[in-house]
Each structure stands twice: as C-alpha cells, then as structure tokens.
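There are 2 protein chains.
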Amino acid sequence: MPQRVAVVGAGAVGGYFGMRLAEAGHDVRFLMRRDYEAVKAGGLHLSSHLGDMSLDSPTIERTPEALASHGPVDWVLVGLKATAIPDIPKLVGPLLSEGTRVLAIMNGLTVDDEIAAQLPEGTSLFGGLGFIGVIRGELGRILHQEFGAINLGHHGDDPDELQRGVDLFAGSKVEIRPEPSLLRARWEKLCWNIPFNGLCVIAGGVPVDQVIEEPPLYDAAYEIIREIVDAGNADLEAHGETVRIDGPRIANQFLTQTLGMGAYRPSTVIDYNEGRPLELEAIFRQPVQRASELGVGVPMMSMVASLVGKLGG
Amino acid sequence: MPQRVAVVGAGAVGGYFGMRLAEAGHDVRFLMRRDYEAVKAGGLHLSSHLGDMSLDSPTIERTPEALASHGPVDWVLVGLKATAIPDIPKLVGPLLSEGTRVLAIMNGLTVDDEIAAQLPEGTSLFGGLGFIGVIRGELGRILHQEFGAINLGHHGDDPDELQRGVDLFAGSKVEIRPEPSLLRARWEKLCWNIPFNGLCVIAGGVPVDQVIEEPPLYDAAYEIIREIVDAGNADLEAHGETVRIDGPRIANQFLTQTLGMGAYRPSTVIDYNEGRPLELEAIFRQPVQRASELGVGVPMMSMVASLVGKLGG
Numbered sequence: 001m002p003q004r005v006a007v008v009g010a011g012a013v014g015g016y017f018g019m020r021l022a023e024a025g026h027d028v029r030f031l032m033r034r035d036y037e038a039v040k041a042g043g044l045h046l047s048s049h050l051g052d053m054s055l056d057s058p059t060i061e062r063t064p065e066a067l068a069s070h071g072p073v074d075w076v077l078v079g080l081k082a083t084a085i086p087d088i089p090k091l092v093g094p095l096l097s098e099g100t101r102v103l104a105i106m107n108g109l110t111v112d113d114e115i116a117a118q119l120p121e122g123t124s125l126f127g128g129l130g131f132i133g134v135i136r137g138e139l140g141r142i143l144h145q146e147f148g149a150i151n152l153g154h155h156g157d158d159p160d161e162l163q164r165g166v167d168l169f170a171g172s173k174v175e176i177r178p179e180p181s182l183l184r185a186r187w188e189k190l191c192w193n194i195p196f197n198g199l200c201v202i203a204g205g206v207p208v209d210q211v212i213e214e215p216p217l218y219d220a221a222y223e224i225i226r227e228i229v230d231a232g233n234a235d236l237e238a239h240g241e242t243v244r245i246d247g248p249r250i251a252n253q254f255l256t257q258t259l260g261m262g263a264y265r266p267s268t269v270i271d272y273n274e275g276r277p278l279e280l281e282a283i284f285r286q287p288v289q290r291a292s293e294l295g296v297g298v299p300m301m302s303m304v305a306s307l308v309g310k311l312g313g
Numbered sequence: 314m315p316q317r318v319a320v321v322g323a324g325a326v327g328g329y330f331g332m333r334l335a336e337a338g339h340d341v342r343f344l345m346r347r348d349y350e351a352v353k354a355g356g357l358h359l360s361s362h363l364g365d366m367s368l369d370s371p372t373i374e375r376t377p378e379a380l381a382s383h384g385p386v387d388w389v390l391v392g393l394k395a396t397a398i399p400d401i402p403k404l405v406g407p408l409l410s411e412g413t414r415v416l417a418i419m420n421g422l423t424v425d426d427e428i429a430a431q432l433p434e435g436t437s438l439f440g441g442l443g444f445i446g447v448i449r450g451e452l453g454r455i456l457h458q459e460f461g462a463i464n465l466g467h468h469g470d471d472p473d474e475l476q477r478g479v480d481l482f483a484g485s486k487v488e489i490r491p492e493p494s495l496l497r498a499r500w501e502k503l504c505w506n507i508p509f510n511g512l513c514v515i516a517g518g519v520p521v522d523q524v525i526e527e528p529p530l531y532d533a534a535y536e537i538i539r540e541i542v543d544a545g546n547a548d549l550e551a552h553g554e555t556v557r558i559d560g561p562r563i564a565n566q567f568l569t570q571t572l573g574m575g576a577y578r579p580s581t582v583i584d585y586n587e588g589r590p591l592e593l594e595a596i597f598r599q600p601v602q603r604a605s606e607l608g609v610g611v612p613m614m615s616m617v618a619s620l621v622g623k624l625g626g
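If you read the sequences in order, they're chains A and B.
1 is the number of the first residue of the first sequence in the numbering used here; add one for each residue after it.
314 is the number of the first residue of the second sequence in the numbering used here; add one for each residue after it.
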C-alpha cells in the first residue's frame, strides 16, 4: 500500500532515500531550503550507478507547516545532521499525526534516545544507518556514488514494527538489512565511522584509499575497530541485551569493503574539507564517553576523537 | 684557548649557538644567505631569557669559499636541516683543514653516519642534540624562547674527543650534557620529537600544550615513547653497545618537562605551519625503518609517521 512520506533534511541522504521511495510508488513530499527554487523550476534529479531518475514536479515546501498542509503522512524520514537534533520539534512536530512513524537516518550512538525525547510519547521511532556514498551536486541534483543500503532498527527493538519499516522499502532500489538490535547496529556502524571518518580527517581530509592502503594506518584502523567492539559489547551487556558484535567478522568485513572503496570520502571528510561543523559528538565523543562510563579502555579511539576534535573544533 | 669556529646553516639554531660561542670569546664566522644584507648593515641580534646580546659587525660571508678566505677554523658548527645533508660537501668541504672538527646540531637517527660519509676520512665528527626553542625573527634577529642545552656525543664515542667538545662550550651560556653514547642520545631525543613534533602537526599544527594537556593525547605520547624506547634499546643491543635507555625515567622526564612548556611549537610544527618541507626522514621514517629492521613492533610510532607523511608530503 503506498505510503505518504515527508522528508525532513532533504540533503544528499534524505533526498536520495526519499527519491527511491517515490520511485517505488510512494507519495513523497520534501522539505527544502537551499534547493527549493531550483527544484520548483526544474525538478529533482538523481545520478546513480543503480539507475538515474528524476521527479519533475515533486511536492516541496519551505516550512514544515506548509508541508503539513498537504495532509497527514504515514512516515517522516529525517535526514538531518546530528548537530540539528535540537531543531526536531520545530521541523518534525508539525508533520506528526496519529500513527505517524519516524525514521531517522543519522549518525550517532545516542541519537535515537535524543530524538525519542523530542517526539510525543508513543511515537514509533526507527533508526536507519545509511551505508551509502551520496553527495549534493548542483542545486536540485543528487549524486549517488557508492552502495545504498540501510541497516534498519526500531527504537525499542519491536520486531513487528521493524517489519513495517522493512515493508516501506519493499520494491524500492534500497537494500534494507533489518537489525534486531538497534544499539548493536549503531556500534557496528561506528566500527566503520570512527576509524575511517577519523583517520581520513586526521590525515588531512583524504579519501579512504589513502588510509586503508597505508599499512600503519590499516593497522591503526584494525586496532580502533577492536576497541569499539569491546566497548559496544560492554554496552550491550549493560543494556541487558543478549546479542553481541562479532568482532573478527565485523573487522574483516569493514576492512575488506574499505579496500574496495577507492577514493571514497567519508561524510566527515567532506564536512571538514568544506569547513562545515563536524559530527564530533555523534561519531566520536559519545562513544568515547560511553566507553569511559563502562570502564572499557579505548586509547586509540580516544586519541582519534581528540585529534578530530582539535581539527574540527 | 679561543677557538676559530665557522657556522654553516646559521638559521635559528646555528645562529644561536654560534652567538653564544662568540660571547664566550671565540672567533666565530657565519655563512649567511637570507640575513646577509641585514647583518652587514645592522649586526646580528639575539633576544633571550638567558640574556640579550648583539654582534655589531661579525665576520659573515655568502659562500663557504669566501668564509674560508678568513683563514682555517678549528670547528665547523653545522646547523642545517637534515634535508640539506647532500649539500654538506659543497657547504662544509671548503672550510675543512688539518684537524678541523665538525659539530652537527641536527635532528635524525642516522644523520651522523650520513654526514660522516660526506666528510674526509678521519674527520672528528660530533653530534649535538639541541634542546632549545629558538626561531628567527626579523632579518638579523634571533629569538630564543626556551631551554638552550646541547646533548653532545662523539661519532665513535671517543671520550677524549667528547671532552674537547665539552671544552668548546666551557664558559658559555650553553649547557652541555656529554653523552657517552651518541646513538642512545639520538634515540632519546626521538622520544620527544616523534610524539610531540608528530602529534602537534597531526592535531593541526598546534603547540605542545594542546597535546600534553589532553589526556588521550598525553596517553598516546606515553605509548609512543614506550615504543621508541623498545626500538632504541634493540638498536643499541644490535650495535653491541652496553648502555640502554631508561624508559620510565625518560618518559617521566619528557612528559613532565613538556607539561611545563606552555604554548611551545616544535620545529616540525613551525615548518608545517609555514609550508616548508618537514624533516620526515630524519625524525619519523628512519626510526620506523630501523625498528622494522630490528623486528620491533612500533604501531603508534608508525601511525604517527604515516600521518605526518600524508600531511607533509
């Protein structure tokens, strides 16, 4: 059944997944700022190795109130940077009605708890971890460069709700990997983001091949992943969860995948090179803080967090 | 007995120690390029917490041949960057005569062997490790900011020769610490240079207080020192030397000293911030290479060397 979807934070990530939902037949509406005029005049365009597509005259508005005037939605897809979490009541609130679900595709360890605290009690919240290389091109254009999957979890780990999220993307070009534990999924994503977003920034804002193909940096990435696995598993235990991160599997998977990525630039590198604020809290400081609370030693991860903090502060 | 001293590489370090020798009564002559006109017109000036001084009309020349025309010298004090070692025959050669000794105050692990290979057989060569914060100011001006000692060794570890080097500085404001093993002294200096020159560059070209006062970076520095001590002691053993680096003592000494340095910028940071070539080989790559040859694992040091290489390459 086609769903009504509002996309808030229609940058590269939100825009991409919103377009793929529209392509699959859903009624997708976009909150736009920077690109509003261009999209109004010429439509929204996607260049992608999975197939180009365009929406010639999508429903777009400049304010959440205006977007809400198009009628209620079943889903709000949030593609904001973690630094914009305080704006969620203002940006998402007007779009919520009885039964509206929220899917936040954002980085961070505690981002789900933070968003939940900003939403009305009982809102069903999903966390999506985007494994995707996608950037904004010219106004109204999105350039999809790599991958395109979402590891999807439910805040509360309700399996029936999780299935609703999986169903939303059925028939779309988005690969959905359901995650029985959202907390584990978050830690697993950090196993990539901390070493690679971190070391690529520290090495001067370079793409991942400059890190993964240099043996001492490959070794450092491996060691950082090992520390994150330890911290993540301690956190899962502290939360009373029975699942664990399979450290050797995740390290092998991420290092191997990264070796195949070529000159891919992680999001933090793009932010760094363009002088934008870095997602320091979401990607670096929260996990270090949590490891400290858990009493897990994470010297490499802490060092990376400190260095990125110096560079992005 | 006053000595005749030629200073080659009269930048901040060479200029400073040359001026202190002149102040102590020696006949010091300077090879100058950038500052030649300014010094000819207005003299050479030193601002220092150990006492300001000036040389109103020092003997200066633009070429080693012109400097040699002032007569033979007992010592050549070499203050070049390690990157200038290939120029030593051209710059130092014309100044050498029977019995001339060479004191190179330069960074690096293999710098003494490299310089010795460029000098006539039998030249008595000394290695000086400057522990000093000194920079060039306006033309003809040197600004001495911190410390001012030389750890002095003899290439060959001849104790009688070493004493000659100590005697040269007797009565000057330069504190000389004789080193019975030049190789150990070099590794010990790297115990400061690698962590602090390295991390300060990696953190964006910051002064040492930004590193030493941030616990994860302090811990990283400690770990890097530990690795260097292991590699250095293996190198001493491989060279058949009986002396060893006292790891806990050197770590404690350097970390404590650095906590007192405030906003001091290591030489590599100054080079980095001014866009000059970094002493990658001398400070970072040679020790990593040597540790690898010795089979000593140095992951943190290797990571730092790789990152600085990315930033300075």
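Virtual Cβ for every residue (Gly too), placed ideally from N, Cα, C.
None of these values were measured; they are calculated from a predicted model.
Check whether residue i and residue j have beta carbons under 9 Å apart
i: Glu214 (chain A); j: Ser619 (chain B); result: yes
i: Gly99 (chain A); j: Leu129 (chain A); result: no
i: Asp246 (chain A); j: Trp187 (chain A); result: no
i: Arg333 (chain B); j: Lys486 (chain B); result: yes
i: Glu606 (chain B); j: Gly421 (chain B); result: no
i: Thr423 (chain B); j: Arg603 (chain B); result: yes
i: Ser367 (chain B); j: Glu374 (chain B); result: no
i: Leu344 (chain B); j: Ala319 (chain B); result: yes
i: Arg177 (chain A); j: Asp74 (chain A); result: no
i: Ala498 (chain B); j: Asn464 (chain B); result: yes
i: Gly327 (chain B); j: Leu404 (chain B); result: no
i: Met574 (chain B); j: Ile538 (chain B); result: no
i: Gly331 (chain B); j: Pro377 (chain B); result: no
i: Ser615 (chain B); j: Pro216 (chain A); result: yes
i: Ile448 (chain B); j: Ala335 (chain B); result: no
i: Pro385 (chain B); j: Ser410 (chain B); result: yes
i: Asp425 (chain B); j: Leu495 (chain B); result: yes
i: Thr581 (chain B); j: Gly625 (chain B); result: yes
i: Leu380 (chain B); j: Gly478 (chain B); result: no
Whole-angstrom C-beta distance between residue j and residue i, which should lie under 8 Å
i: Tyr577 (chain B); j: Ile445 (chain B); result: Actually they are not in contact, since the Cβ atoms of Tyr577 (chain B) and Ile445 (chain B) sit about 11 Å apart, beyond 8 Å.
i: Gly140 (chain A); j: Ala38 (chain A); result: 4 Å
i: Ile418 (chain B); j: Ile398 (chain B); result: At roughly 13 Å, the Cβ-Cβ gap does not stay under 8 Å, so Ile418 (chain B) and Ile398 (chain B) are not in contact.
i: Val304 (chain A); j: Ile202 (chain A); result: 7 Å
i: Ala277 (chain B); j: Pro299 (chain A); result: No answer is possible for residue 277 (chain B): it lies beyond the span of chain B, which begins at 314 and ends at 626.
i: Pro600 (chain B); j: Ile541 (chain B); result: 7 Å
8 Å Cβ cut-off: residues of chain B touching residue i
i: Leu299 (chain A); result: It is worth fixing the name first, because residue 299 (chain A) is Pro in this sequence and not Leu. Those within 8 Å of Pro299 (chain A) in chain B are Pro529, Asp532, Ala533, Glu536.
i: Leu311 (chain A); result: Ala516, Gly517
Cross-chain neighbours of residue i in chain B, by beta carbon under 7 Å
i: Met303 (chain A); result: Pro529, Leu530, Ala533
i: Ser306 (chain A); result: Glu527, Pro529, Leu530
- prompt: At a Cβ cut of 7 Å, what residues of the stretch 461-480 of chain B count as close to chain A, listed as they run along the chain?
  reply: none
message: Please list, in chain order, the residues of the stretch 193-226 of chain A that have any C-beta partner in chain B closer than 9 Å.
response: Leu199, Ile202, Ala203, Gly204, Val206, Gln210, Val211, Glu214, Pro215, Pro216, Leu217, Asp219, Ala220, Glu223
query: Between the stretch 588-607 of chain B and the stretch 496-510 of chain B, do three or more beta carbon pairs fall short of 8 Å?
result: yes
Inter-stretch contact (C-beta, 8 Å, three-pair minimum) for the stretch 425-440 of chain B and the stretch 336-350 of chain B: no
task: Determine, using beta-carbon pairs with one atom in the stretch 199-210 of chain A and one in the stretch 154-162 of chain A, whether at least three such pairs fall under 8 Å.
output: no
message: Quick check: the stretch 141-149 of chain A against the stretch 39-51 of chain A, are at least 3 beta-carbon pairs closer than 8 Å?
response: yes
message: Does the stretch 67-82 of chain A come into contact with the stretch 247-262 of chain A, if we say contact requires no fewer than three beta-carbon pairs (one atom in each stretch) closer than 8 Å?
response: no
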